[in-house]
Structure formats: structure tokens, C-alpha cells
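To start, the structure itself, in C-alpha cells.
Numbering (the numbering used here), first residue to last: 869 to 1683.
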């Protein structure tokens, strides 16, 4: 489909289809036949969602199965206010809630949990949602009960429980782009004491884009294998309940469809007076009509596994709980670093003739040579965790909970980053020099790829950075819940968190680093939450809360930094929220609305060091971010056979006055002798005295989507001959986002249409479905390349395309 026709489809949808297709994901606590309460564990105990004074999205098992939620990207399409994108092989996986996005090496803004186990390797958090009871997405900081990994919210996959009776199901999918998938579940009693549940899944599919450099090769191919096992004590078998769950996942993927834009397309920032090249791109990113990447790069692979033992003892007045878990994940992601099948252009100089000194300014390069570069990013994590909780039980005026947890985390058992640069025709006495845009025949500065030269970069890469991080965390937490009156309830939560961090930096920038010489860093956090809720009637709940989120500081693993830049400080946020919930059985079945104000302080941000000898980005602290927003969701059922649901999210994050982004200096065009920019506000740095930086006061944080909404309709025709037929159509929209805090390049705006037709056939059911039915073309991710490899010229920006149209059929069997 051409770009013009896609635009016509979008126009038709917005003018004609939208007014008749109002919807979002399956509602949290109502369906088309009346109010239906959903049990959630957002506060570490089982509660009805209508009683919880939090903004929570719940996607139930039926919606996960029939709604095509096969990962976090699909989940984010259904839930306005939630964003998730990942780049190569799962790297840069940062979920975003309420526009609160600032990557930090100290923890996630939005924590990812599976069966209560924190997914400590952020490059492996896109876990296969195999055999789940529900997915809970909790908005706002949850640091009091879940820790610093829930700075602005969390996502929790809740596994399905083993059944008291024999249950079996099987699902098979077949679709375009060679999509094949199968899942099976078997559950039931093992003996008089235990019950068991086992699930296994496999899914493979080609990407919807082809590689122009290799006829027949698709880009974005994926293959996933997953398994889950639960052994639990049977209901009422004993006052003690025990459940052991084990999960495993193995996924592979090749290069996603992406392309780079560089100085040849750049149009803003600073302009080099000699070459006329701009330093950055402003406006909507161009969408490539074809993608051409190196065809031989290995597949990326992610392997993850966890085991969790949950024990509970109910003595009648109090309940004791113990959660013990072990988690490990290993990711190896490969990236066509130059973003093309041809490679980047470098100059070639002779070591004895013109690679340095005066000769390099007079004698031209020996030749120009294209160089293919492959990046390998390896990330591993191990975490052992133990938590104990004791709480009061029963319907009391005053309820309480006390708990403590300790976990040990080890990140980076293998190389973090490695590069392979194709030597090609380079002789032993030759080296590569950076391209000089004003005169490509002139010898430029020595290129960083000289430290990564190999014969075949698809096969071998040279280690650039290598570090191991050790964290030990001890926390105590408590809650108090007091019913002031029959309609009014007060609640307080608090967590005290002690963290010890040791970093062993072994290699940095291809050279030996400082090891463990910096010693340990210790952090203490206190994160409270206060809430009050008022229930004027059975159907309504009104609430207000004030909560603190926190992320600890860390260590910059770069040698040569001054002492004040070797470390960075913690960051915090205070979130004030007010909301209401309604659950009924009339025309309006459910309604939820929340408004919030977030004061984010001492925000961690990437920037350059004060010393010019260190060209790598490090983590710094800047003034902060202030955010205001609103979330609304509702379900309307005008008839038993027809329902509409709608959700809308608007968030308005802005950097506070005095905020700066030293990491954007190059994009703004700042360089020796260049102190102005066509779109950046330039001022002296408050972080690095004497340095000019981009003032980002009032700017929007990167990857923060202001407006997103989702709408849909569910139709179950009241016809005897079509009994049980279900038609679901939904449309989702998200607006543009910026790739950096300097608010120049925009990408990501899309409106997607999905549909699904389900026909029951006794124990069987058949579903015909389609995703992105208008075949909309959009960019789902943007990231700049590492600056160390682009000295003397603007570094390119890589853009990853979103999936195109996919159509398929699903067969399901339940017993």
C-alpha cells in the first residue's frame, strides 16, 4: 500500500469509523452483563479492584488470549498512557507510564514483575505472556511496597493457577509472514495433596519488511519458546498453602527493519562552516521506502528463567507469607551498527606517512573505504530474593501489614559492549581516519574503529566495555489501614531501603579500567504513601493519594573522570493523585478517572564529562521534571449484545527551569568555535562550569507521548444460528514523541486498527483476526549512535519501523 493510500485510510477512520467504534481493552471490573469484580494484588494482598485507591489497568485472561497480547508492545497498544519499545534483541527496553522516561543504570522507572519476581535484566523484560490469569498495570510510584524498581509504576504478570479439576486446552495460530504458533495447557490434581499446571508455547514469524540487500530475507523475524510449571497444594488441604512456580523462555530475532539518517538529511542544529552539514534533524522523521542491511549478522538471543516458592500460613487472626525467588537472564543482541549493507565511509592513512602530525594536514588519504561495523551487546543478570510478610486478616476497623525483604543482584557476568569493524583491504601499516566532511580526501582524527578491527565482524567482535555490578538491598516496609467511618478509609505505607553497590569496571573504551578501586556506595531511601478514600455508595469510590518514588545513585564506569563525576546521586518523585471509580449494571458499566501531579527531583540524565579526554556519555543529575496529566476509561453497554469501551490519557511532562542536557551538545551543533544553534537554547552549564550546554527548561522528555487513546466495540449478535459469535474491533492512537530532550526530531505517531471474529464450535472455537489492517507505516523507535565512533562529524540517528499488516486464524480447544 502506498503512503498516500495509507493517509486516506487514516482520514476515513478518523472521520467515519471512530464515532461508531468507541472502545479500549476489556474493562477492569465490569462486563456487558453486569458488574464483575476482579481481584488484584496491587497492594501485595488480594483485593477487589473497585476497592483499591490506585489507577490500575487489568487485562484479563480472555483478553490476553483473544486480544493478541503477545508481548509488551501489544499490551501498550491496548492501554493508553503505557508506552513500550525495544531496539535490537530486546535492548533499551524501558516501559513508560505517565511520560516518566529517563533511562537509568540504577533501575527501571516502570518495574516488570512476573509472579512477583522482579525482572532484573531490563534487556529481557519482554517475557512471553504464557498462561496468565491477568496482567496488572499500576500507575504511579509503588516504591513503598515494591521497591525502587517501581519509580513511576509497574507491570505485573499474574500466572494462572492450577485447577482442582482436570483442565486441558490447546491453541494453534496460522498467519501471514509465515506465522506459526502453538500453545498447550494441562492442569489438574496430582494426588490428594497437590495439584499441577503445565503450559508450553512456541511461536515463529517473519517480519513484515524485506531486506533489499538479500532477496528473500525478512527483517524482524522472531522465534519464541516458553514453558511454565506450577505445583501447588490443593484447596483446603492444610492451613499452610504452598506454591512452586518455574518459568523459562528462549527467544531469537534477527535485525529489525531500520535505517539511519545522517548529515546528508540533517536540517537544523549547528552548521559546519566548511562543509555546510547540519548537526541534527528537526521535524517528523522521514520514513524509508526500502531498508538495506548486512544480511549475515547473527540472530540476537534472550534466555530467561525463574523459580519462585510462595508459602502462606493463615492462623485465623494473622497471615504469614514467604516469597523466595531466583531469577536469571542472558541476552546477546547484535546490531548492524552502521545501519546499511555497504558500511560507513572512512579515510585510510599510512602510519609512517600521514596518520598524525603535520603530514596528516598536507598529504591526502590513501583512499576512502567502506567499513561494515557490528555491535554485540551482552547483558546478564542473577538475582536471589527473600521476602517475609505478616498481616492482620478479617474485616477489621484497623488492618496492618509488616514485611521485610533482602535481595542480591549481580549484573554483567559477560561483556557489556563489543564491536567488530571489517578490516577489508586495510594493510598492516594502515589505519582508518574519521571522514572530514568539508574535504573527504583530507586525513581526519584517528577513528575509534581502529581498536575493533577484525576480518569478519559477523563472527568476531572486540570488547569495548566490560563491567560487573553487585547490589545488595535490605528493606523493611509496613502498612496501616484504618476505617475512619463506614464510608471513609485512611491508609499509610512506608518503606525503608538500604542498598549497597559495588562496581567492578574491567574495560572501558577498549582499555583497562579501574576495577573495584572506587569501593562500595551506600544509599538509604524512605518512600511513604498516604491515601484516603470515600465510598458514598456501593457503586462509587473517590480517592486521593500522595506518594514518593525513589531510585538510587550509581557509579560511572569510565576511567579518567574527576572524583565528582565518578558517581551520581539518587533521584526522587512525589506524586499527588485524585480519582474516582464507578461499577454498575446500567448503561454505564464502569468508569475510572484520575488526575495527577508529579514533582520529579534531581533527575538522572546522560551527559559528557567535564574533561575533554573522556568522550563517552556518563550519568549526571539535572534539576528535574514537572508533570501533570489525566486518565479516563469507561465501558458503555446499550444492549446485552453490544458494548463500547473507551480510554484516554494525556500527560504533560516538562523539564523544570535550570535543567540542562550536556548529552545533546553534539546534536545542537556545539563544537570548537561554534556556540550557537538554530533550535537549541544555549547557556553556561550549571553542572560543568565553563561549558556551554543545551538548556532544556520547559522541554518534553524523550519518549514521552502526550496523547494516547484507544477505542473499540464488542458485538455478540443475538441470533440463534450464530450463537456465541463475537466480533471485536478496536482502534488505538498515540501521538508523536521526541527522540531526545532537545525536542527536535519527532516520530511514532500512529493510528492502528485491529479486528477479531470468534465463532464457538462446541469445545472448539475459530477466530479470524487482523492487526494493523490499514497497513500504516510508522517509526516505533529512534536512537542516536554512540558518539565515540563519530568524532568530527554528526552521529547518525537510527529509526526502527513498526510492523505492517498481519492477518491470521486461530483454532482453540478447551476441555
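Glycine included, C-beta positions come from ideal geometry on N, C-alpha and C.
Please report the Cβ distance between residue i and residue j, rounded to the nearest whole angstrom; I am assuming they are in contact, meaning their Cβ atoms lie under 8 Å.
i	j	result
residue 1578	residue 946	6 Å
residue 1462	residue 1439	Not really, about 23 Å apart at Cβ, beyond 8 Å.
residue 1423	residue 1389	6 Å
residue 1609	residue 1523	7 Å
residue 1149	residue 1665	7 Å
residue 1684	residue 949	Missing from the structure shown is residue 1684; the chain here goes from 869 to 1683 and no further.
residue 1189	residue 1257	4 Å
I'd like to know whether the C-beta of residue i is nearer than 8 Å to at least one C-beta of chain B.
i	result
residue 1361	Here chain B cannot be found, since the structure has a single protein chain.
Are residue i and residue j close, meaning C-beta to C-beta below 8 Å?
i	j	result
residue 1201	residue 957	yes
residue 1138	residue 1539	yes
residue 997	residue 932	yes
residue 1649	residue 955	yes
residue 1529	residue 1561	yes
residue 1672	residue 1622	no
residue 982	residue 1048	no
residue 1674	residue 1045	yes
residue 1120	residue 1167	yes
residue 1181	residue 1107	yes
residue 1464	residue 1037	no
residue 1304	residue 1228	no
residue 1143	residue 1199	no
residue 1408	residue 936	no
residue 1114	residue 1152	no
residue 1255	residue 1273	yes
residue 1497	residue 1516	no
residue 927	residue 943	yes
Have a look at residue i and residue j and give me their C-alpha separation to the nearest angstrom.
i	j	result
residue 1155	residue 1644	11 Å
residue 1348	residue 922	16 Å
residue 1554	residue 1309	40 Å
residue 1186	residue 1365	25 Å
residue 1678	residue 1527	51 Å
residue 1441	residue 916	28 Å
residue 899	residue 925	Reliability of the predicted coordinates at residue 899 is poor, the pLDDT of 39 falling under 50, and the value obtained from them is presented with this limitation in mind. Each residue's alpha carbon lies about 15 Å from the other.
residue 977	residue 1549	28 Å
residue 1251	residue 1563	39 Å
residue 1082	residue 1133	25 Å
residue 908	residue 1086	41 Å
residue 1495	residue 1586	46 Å
residue 941	residue 962	11 Å
residue 1663	residue 1478	20 Å
residue 1508	residue 1584	8 Å
residue 1432	residue 1556	10 Å
residue 1667	residue 1659	21 Å
residue 1421	residue 1342	16 Å
residue 1504	residue 1598	15 Å
residue 1041	residue 1514	28 Å
residue 889	residue 1581	Because residue 889 sits at a pLDDT of 29, beneath the cut-off of 50, its placement in the model cannot be relied upon, and the following sentence gives the value as read from the coordinates. Rounded to whole angstroms, residue 889 to residue 1581 spans 5 Å at the Cα level.
residue 1204	residue 1287	10 Å
residue 897	residue 911	Since pLDDT at residue 897 reaches only 33, below the 50 mark, its modelled position is unreliable, and no value is offered.
residue 1324	residue 1290	6 Å
residue 1222	residue 1302	13 Å
residue 1018	residue 979	5 Å
residue 1208	residue 1163	10 Å
residue 1533	residue 1434	20 Å
Using only the heavy atoms of the ligand FMN, determine whether one of them is closer than 7 Å to the beta carbon of residue i.
i	result
residue 1303	Among the components modelled here there is no ligand, and therefore nothing to report on the ligand FMN.
> Should the stretch 1005–1024 be regarded as contacting the stretch 1194–1210, the criterion being three or more beta carbon pairs within less than 8 Å?
Replying inline: no
>> Restricting to runs no shorter than 4 residues, where is the alpha helix (DSSP H) found entirely within the stretch 978–1016?
In response: 1011–1014
> Should the stretch 1331–1349 be regarded as contacting the stretch 1293–1313, the criterion being three or more beta carbon pairs within less than 8 Å?
Replying inline: no
> Does the stretch 1315–1327 come close enough to the stretch 1231–1242 to have 3 or more Cβ pairs within less than 8 Å?
Replying inline: yes
> Considering only residues of the stretch 1260–1329, which uninterrupted beta strand (DSSP E) runs meet the minimum length of 3 residues and lie entirely inside it, listed in chain order?
Replying inline: 1266–1279, 1285–1290, 1298–1301
> Is the number of C-beta pairs between the stretch 1127–1138 and the stretch 1533–1547 that are closer than 8 Å three or more?
Replying inline: yes
> Does the stretch 1460–1476 come close enough to the stretch 1486–1495 to have 3 or more Cβ pairs within less than 8 Å?
Replying inline: yes
> For the 8 Å Cβ check, are there 3 or more pairs between the stretch 1380–1387 and the stretch 1019–1037?
Replying inline: no
> Do three or more CB pairs link the stretch 998–1010 to the stretch 1065–1083 at distances below 8 Å?
Replying inline: yes
> Enumerated in chain order, which unbroken segments of the beta strand (DSSP E) with a length of 3 residues or greater are wholly contained in the stretch 1414–1472?
Replying inline: 1439–1451, 1456–1469
> Does the stretch 1368–1381 touch the stretch 1396–1406, meaning 3 or more C-beta pairs lie closer than 8 Å?
Replying inline: no
> Fully enclosed by the stretch 1372–1403, which beta strand (DSSP E) runs are 3 residues long or longer?
Replying inline: 1379–1383
> Counting only runs that start and end within the stretch 1197–1265, where is the beta strand (DSSP E) found for 3 or more residues in a row?
Replying inline: 1212–1218, 1235–1239, 1241–1260
> Mind pulling the beta strand (DSSP E) runs of 3 or more residues that sit fully within the stretch 1545–1576?
Replying inline: 1549–1552, 1560–1563
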